[in-house]
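Step one of this worksheet: look at the structure below.
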Amino acid sequence: MKHLSLFLLILLLSCIPYANITHAPLSKLYHTTTTRSNINHHCGFHTPPSFISTAELTNSVEITPDPPKKWKEIEWTPTRKLRWDDFQARPNYWSNYSAVTSTYIEETHGCNDYGDFAFIVKAVFVKNMSWARGRLSKDLLRHEQIHFDITEYHARLMRKYFEDLKYPCYREDDISKAVDRIFDAMEKAQHRYDDETYHGLYKNRQAEWESYVAEQLETLSAYKIN
């Protein structure tokens with residue numbers, strides 16, 4: 256009986272450090288680096304397209320500042336779709352668009368003193384940087400959701416990259432370049448999506464993109480986190 260009690264005590268003590276590592280914040284246990292992409296997607300048209308300048312149409316994706324803590328955010332999940340009441344920012348009076356969706360990818364990665372690597376990658380929608388006005392149709396809301404889905408797809412690409420990476424604690428330069436490449440690829444995809452769907456007005460192309468993005472997400476379903 257004494258041997259059994261001693262064994263159980265040793266087992267309990269051996270589990271305590273692992274439990275602490277599992278539940279403690281990544282930043283407190285690892286020497287971490289955090290980067291994020293920040294993009295606003297201008298969609299739909301509040302003013303008829305013929306009155307919108309070529310420059311405004313071309314520059315429909317804008318980089319926004321790093322998010323302050325006061326931002327109200329939604330992380331992407333497969334079951335929680337965007338709703339119009341998620342668009343909580345005050346509309347830009349001077350903008351000719353019907354909606355702005357603000358999304359970004361945040362990634363944190365690092366190694367601890369024992370050479371263990373960990374990472375967190377999130378696709379995020381920012382409520383109080385996103386706005387909508389005018390006729391809030393279901394079609395336009397689906398267009399905004401695909402922007403968020405494109406963000407999640409590239410977040411999954413990043414999670415796959417981290418999971419496949421060999422000797423990550425010695426490859427910070429490679430990681431930085433890879434993260435930048437994924438950010439750039441996402442920005443180009445968001446541009447292409449708006450260009451090809453004409454900001455959601457071309458219904459056939461919108462439907463094609465919805466199917467395409469759903470297929471892309473499915474190919475990386477192993478890397479979703481919710």
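If you use our numbering, the sequence shown corresponds to residues 256 to 481, in order.
Yeah, the Cβ is synthetic: ideal placement off N, Cα and C, and Gly gets one too.
Just so we're clear, the structure is a prediction, and the values are computed from it rather than from any experiment.
Local conformation of residue i per DSSP, three classes
i      : result
Trp386 : strand
Tyr478 : helix
Arg291 : strand
Ala344 : coil
Glu406 : The residue you asked about is not Glu; residue 406 is Thr in the sequence shown. Of the three classes helix, strand and coil, the one that applies to Thr406 here is helix, per DSSP.
His454 : coil
Ser357 : strand
Lys377 : strand
With 16 other Cβ atoms within 10 Å as the buried cut-off, status of residue i
i      : result
Leu391 : exposed
Tyr352 : buried
Leu268 : Confidence at Leu268 is low in this model, with a pLDDT of 25, below 50, so its placement is unreliable and no value can be given for it.
Trp349 : exposed
Thr474 : exposed
Asp341 : buried
Glu362 : buried
Val434 : buried
Tyr416 : buried
Chain-order list of residues whose beta-carbon lies under 7 Å from that of residue i (same chain, five-residue window excluded)
i      : result
Gly370 : Cys424
Pro414 : Strictly speaking, residue 414 in this sequence is Arg, with Pro absent from that position. Within the same chain, Arg414 has close Cβ partners Val376 and Tyr478.
Asn383 : Trp326, Lys327, Gln343 and Ala344
Among the options, the one whose alpha carbon lies nearest that of residue i
i      : options                           : result
Tyr408 : Asp450, Tyr359, Ser431 and Gly455 : Tyr359
Arg388 : Lys458, Ile437 and Val355         : Val355
Ser466 : Arg291, Gln400 and Asn367         : Gln400
Thr287 : Asp368, Asp439, Thr334 and Arg345 : Asp368
Glu418 : Leu337, Ala344, Glu330 and His364 : His364
Lys458 : Lys393, Leu412 and Leu420         : Lys393
Val437 : Leu420, Leu412 and Ser385         : Reading off the sequence shown, one finds Ile at residue 437, where the question assumed Val. The residue with the shortest Cα to Cα distance from Ile437 is Leu412.
Arg291 : His454, Ser476, Asp439 and Ala444 : Asp439
Lys336 : Ala444, Leu396 and Ser385         : Leu396
Thr289 : Glu330, Thr334, Arg338 and Cys366 : Cys366
Cut-off 6 Å between Cβ atoms - residues of its own chain near residue i, not counting five sequence neighbours on either side
i      : result
Asn481 : Thr332
Ala410 : Ile360, Val376 and Ala378
Leu345 : According to the sequence as given, residue 345 is Arg; it is not Leu. There are no such residues.
Leu456 : none
Neighbourhood of residue i by C-beta distance below 8 Å, restricted to the same chain and skipping five residues each side
i      : result
Thr452 : His398, Arg460, Gln461 and Trp464
> If we count Cβ pairs, one from each stretch, closer than 8 Å, do we get three or more for the region 415 to 427 versus the region 461 to 472?
Replying inline: no
query: Touching or not, the region 436 to 451 and the region 394 to 408, by the rule of three or more beta carbon pairs under 8 Å?
result: yes
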